[in-house]
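Here my numbering is used: the first residue of the sequence shown is 11, the next is one more, and so on.
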Amino acid sequence: MISDGTLALDPLVVGVILAMTVVTVLTKVGGFWLLRRIEVSERLEAGLSVLPGAIVIAILGPELAAGGPAEWGAAGIVVLVMWRTENILLALCGGIGAVVLFRALG
11 MISDGTLALD PLVVGVILAM TVVTVLTKVG GFWLLRRIEV SERLEAGLSV LPGAIVIAIL
71 GPELAAGGPA EWGAAGIVVL VMWRTENILL ALCGGIGAVV LFRALG
């Protein structure tokens, strides 16, 4: 909220953000705690190593399926950058830049 030129924080919003922070930290710490207590097989380790990519695809897949030429062109850029560099962060940044550019041109 902005009133009289000053910025006021809504206590409910601050509380929700703090609660989400606590849940995120507990989830991460809990995962590390659990993995220290179990024997990690090669199969489990392989599954955990591809998990970030699978999460990105699960989030972006529906957007791509409902998207138009700009989104499909950006997906092509992502595949090309990933194929050439094998860097997921660079590929995602390239895709974001491409979709912004393609939407602006279209």
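Cβ atoms here follow ideal geometry from the backbone N, Cα and C, with glycine treated the same way.
When DSSP states are grouped into helix, strand and coil, valine 26 belongs to the helix group.
In the structure shown, valine 66 adopts helical secondary structure according to DSSP, grouped into three states. For glutamate 81, the enclosing alpha helix (DSSP H) has its first and last residue at 79-95.
Non-local C-beta neighbours of alanine 80 in its own chain, meaning closer than 6 Å and more than five positions away in sequence, comprise Val109, Phe112, Arg113 and Gly116, ordered along the chain.
In the three-state reduction of the DSSP assignment, isoleucine 106 falls in the helix class.
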